[in-house]
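Engineer: Okay, handing you the structure first.
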Amino acid sequence: MRRLSALVGLLSLLCAPFTADAHALLDHANPRVGSTVAPAPTELLLWFTQKLEPAFSTVEVRDANGARVDDGRVQVDSSDATLLHVPLKPLGGGSYEVRWRVLSVDTHTTEGRFRFNVGK
Amino acid sequence: MRVAHALLPRIAVIALAGLLPLSAHAHCFVGIRFLPATLTIDDPCVADELSFPTVSWAKSGDVPPTSQLDISGEFSKRITENLGISIGTGWTRLTTPGSPTASGFDNLETTLQYQLVKDGQREFALSAAIGVEWGGTGASVVGSDSFSTITPSVLFGKGLGDLPDRMGWARPFALTGQIGYSFPTRTSTNSVDPDTGLSSSTPNPQFLTYGFTLQYSMPYLKSSVVDLDLPGFLNHLIPIVETQFATPVANKAGTGIGTTGTINPGVIWVGSYFQVGLEAIAPVNHASGTGVGVLAQLHLYLDDIFPTTIGRPLIGAQNGTAKQGN
Numbered sequence: 028m029r030r031l032s033a034l035v036g037l038l039s040l041l042c043a044p045f046t047a048d049a050h051a052l053l054d055h056a057n058p059r060v061g062s063t064v065a066p067a068p069t070e071l072l073l074w075f076t077q078k079l080e081p082a083f084s085t086v087e088v089r090d091a092n093g094a095r096v097d098d099g100r101v102q103v104d105s106s107d108a109t110l111l112h113v114p115l116k117p118l119g120g121g122s123y124e125v126r127w128r129v130l131s132v133d134t135h136t137t138e139g140r141f142r143f144n145v146g147k
Numbered sequence: 261m262r263v264a265h266a267l268l269p270r271i272a273v274i275a276l277a278g279l280l281p282l283s284a285h286a287h288c289f290v291g292i293r294f295l296p297a298t299l300t301i302d303d304p305c306v307a308d309e310l311s312f313p314t315v316s317w318a319k320s321g322d323v324p325p326t327s328q329l330d331i332s333g334e335f336s337k338r339i340t341e342n343l344g345i346s347i348g349t350g351w352t353r354l355t356t357p358g359s360p361t362a363s364g365f366d367n368l369e370t371t372l373q374y375q376l377v378k379d380g381q382r383e384f385a386l387s388a389a390i391g392v393e394w395g396g397t398g399a400s401v402v403g404s405d406s407f408s409t410i411t412p413s414v415l416f417g418k419g420l421g422d423l424p425d426r427m428g429w430a431r432p433f434a435l436t437g438q439i440g441y442s443f444p445t446r447t448s449t450n451s452v453d454p455d456t457g458l459s460s461s462t463p464n465p466q467f468l469t470y471g472f473t474l475q476y477s478m479p480y481l482k483s484s485v486v487d488l489d490l491p492g493f494l495n496h497l498i499p500i501v502e503t504q505f506a507t508p509v510a511n512k513a514g515t516g517i518g519t520t521g522t523i524n525p526g527v528i529w530v531g532s533y534f535q536v537g538l539e540a541i542a543p544v545n546h547a548s549g550t551g552v553g554v555l556a557q558l559h560l561y562l563d564d565i566f567p568t569t570i571g572r573p574l575i576g577a578q579n580g581t582a583k584q585g586n
């Protein structure tokens, strides 16, 4: 019975109010993951599930030849710390790979990758 | 009748051995792959987590069948980034038509687990563990052994994210597994027939235990392959099939015990701070049970709920710097 009491006590502790931040995972993107868009976007937008630390968040966008097509800047939105803005160079038709790595405010890093296509 | 009743817990436990979930809990990021804590077998990562409660119900293959209800919990804690320990126990109620209901705690179980490999590029994880069921810490009336059992095991997980783009639909698949060998610390158990006064000795077999999962991650599909604009609830689901088997391989003469196991199809809903899993329990043979049981679990990610306190490793916790995926 004492073991059950201990488990219930631990659960009660977990249910108490707390401040927490979890892993930042990609919620959605524009252009959408795996989509084909036209005309070519001038900016990639990435929404995450948690607030981000801008200094340690990186995004690379490369074309089918491996050349970077982002301009190297990544900005956290001034009014929404879960949104990253990634300005893009002029894109032609083809497939593009996005690789992101972000740090949430609780110091968890997460990473991911996906593709989108630009129609001609 | 007294003999039958005295043997009931032992028979029920043997019959239902394949139905009971092994310890099964870790928050597991491997590169861009997240492997959820699985309900039936363990997953291949160490982490700071709590599974409570895990509730299962199943019926044995006896005539009449014994219904077994289990309510259990397990707390997992990282000692270092790669070394973790977990402790768990449960409460069991056995109900057999025509016999008194038996209930009590199971033996205490502890597991020491070490992360051998975490290869994010290949979405591959490997760990080794040694689990101990501490004999005599539970109630014999529900079949808790009076002797301890030691189970070294290896655990692995592999995501299929490295498949070519033309097979993108298959990239959300992942396979995990656990293979172990159980050594009882006592080779036989002596018992006395209360009617005749005769004593007998029953061998305690050594078991090969093995289980696998096949899972399809809807979160992976949405964030890495194609966003189908599905309702949010569906994007948090991981449909899964788990299997678990135990095969006696040594010291089994005269026991009549064969391979038992279950196949457990179900689904896990994954959130930011916790996950909820629900599975059916389908026995693979009569010795493993009758009918379809059910298994449910609430699993809390302590490293996300308490990232600066109990959600960190005891030794070598990174402070103010990024920690990969844990």
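Chain order of the listed sequences is A and B.
The opening residue of the first sequence carries number 28 in our numbering; numbering runs sequentially from there.
The opening residue of the second sequence carries number 261 in our numbering; numbering runs sequentially from there.
Yeah, the Cβ is synthetic: ideal placement off N, Cα and C, and Gly gets one too.
1) Return helix, strand or coil for F83/A, following the three-state DSSP convention.
2) In terms of alpha-carbon separation, which member of V485/B, L555/B, P479/B, I523/B lies closest to A51/A?
3) Compare the C-beta of A108/A against all C-beta atoms of chain B and say whether one is closer than 7 Å.
4) Beta-carbon of I292/B versus every beta-carbon of chain A: anything under 7 Å?
5) Residues of the region 527-553 of chain B with a CB closer than 8 Å to any CB of chain A: list them in chain order, please.
6) Just list the beta strand (DSSP E) runs in the region 341-385 of chain B, keeping only unbroken ones of 3 residues or longer that don't cross its boundaries, in chain order.
7) Going straight from the alpha carbon of I570/B to that of D322/B, what length do you get?
8) Along the beta strand (DSSP E) that carries L111/A, what are the first and last residues, could you check?
9) With DSSP as the reference, identify every bridge partner of D97/A, one or two as the case may be.
10) Measuring alpha carbon to alpha carbon, tell me which of D308/B, K319/B, S311/B, T300/B ends up nearest T550/B.
11) For R140/A and Y561/B, I'd like the C-alpha separation in whole angstroms.
12) Consider the Cβ of S484/B: report whether some Cβ of chain A lies at a distance smaller than 7 Å.
13) Counting only beta-carbon separations shorter than 7 Å, does A49/A have a partner in chain B?
14) Would I274/B be called buried (16 or more neighbouring beta carbons within 10 Å of its own) or exposed?
15) Against chain B, does F141/A count as a neighbour if the rule is that its beta carbon must be under 7 Å from one of theirs?
16) Over what stretch of residues does the alpha helix (DSSP H) that includes I517/B continue unbroken?
17) With distances taken Cα to Cα, identify the nearest neighbour of L72/A among V113/A, R128/A, D97/A.
18) As a quick exercise: from V552/B, L474/B, I575/B, V544/B, pick the residue whose alpha carbon is nearest that of V527/B.
19) Counting Cβ pairs, one atom from each stretch, are 3 or more of them under 8 Å apart for the region 536-545 of chain B and the region 477-497 of chain B?
20) Do you know offhand how far V64/A's Cα is from E70/A's?
21) Along chain B, in chain order, which residues have C-beta atoms closer than 8 Å to that of V60/A?
22) Look at the alpha carbon of V554/B and the alpha carbon of N367/B, and state the distance between them as a whole number of angstroms.
23) Any beta carbon of chain A sitting closer than 7 Å to that of P567/B?
Structural biologist: On the basis of the coordinates in this document:
1) Reduced to three states, the DSSP call for F83/A is helix.
2) For the set V485/B, L555/B, P479/B, I523/B, the Cα lying nearest the Cα of A51/A is the one of P479/B.
3) Answer no: the Cβ-Cβ gap between A108/A and chain B never drops below 7 Å.
4) Under the Cβ distance rule, I292/B counts among the residues neighbouring chain A, one pair being separated by less than 7 Å.
5) Hits within the stretch, in order: S532, Y533.
6) Correct list: 343-355, 362-365, 368-379.
7) Each residue's alpha carbon lies about 44 Å from the other.
8) It spans 110-114 - the beta strand (DSSP E) in which L111/A sits, taken as one unbroken run.
9) Its beta-bridge partners are L115/A.
10) Of D308/B, K319/B, S311/B, T300/B, the smallest CA-CA separation from T550/B is found for K319/B.
11) Those two C-alpha atoms are separated by around 24 Å.
12) Chain A contact via Cβ: present.
13) At a cut-off of 7 Å, the C-beta of A49/A has a neighbouring C-beta in chain B.
14) For I274/B, the predicted structure reports a pLDDT of 40, less than 50, and the residue's modelled location is therefore unreliable. The matter cannot be settled from this model.
15) Yes - at least one Cβ of chain B is within 7 Å of the one on F141/A.
16) Per DSSP, I517/B belongs to no alpha helix (DSSP H) and is neither H nor E.
17) The residue with the shortest Cα to Cα distance from L72/A is V113/A.
18) It is L474/B.
19) Fewer than three beta-carbon pairs drawn from the region 536-545 of chain B and the region 477-497 of chain B are found closer than 8 Å, and the two stretches are therefore not classed as touching.
20) The alpha-carbon of V64/A is positioned some 12 Å away from that of E70/A.
21) Near V60/A (Cβ distances below 8 Å), the residues of chain B are K482, S483, S484, V485, V486, D487.
22) The straight-line gap from Cα to Cα measures roughly 22 Å.
23) Yes - at least one Cβ of chain A is within 7 Å of the one on P567/B.
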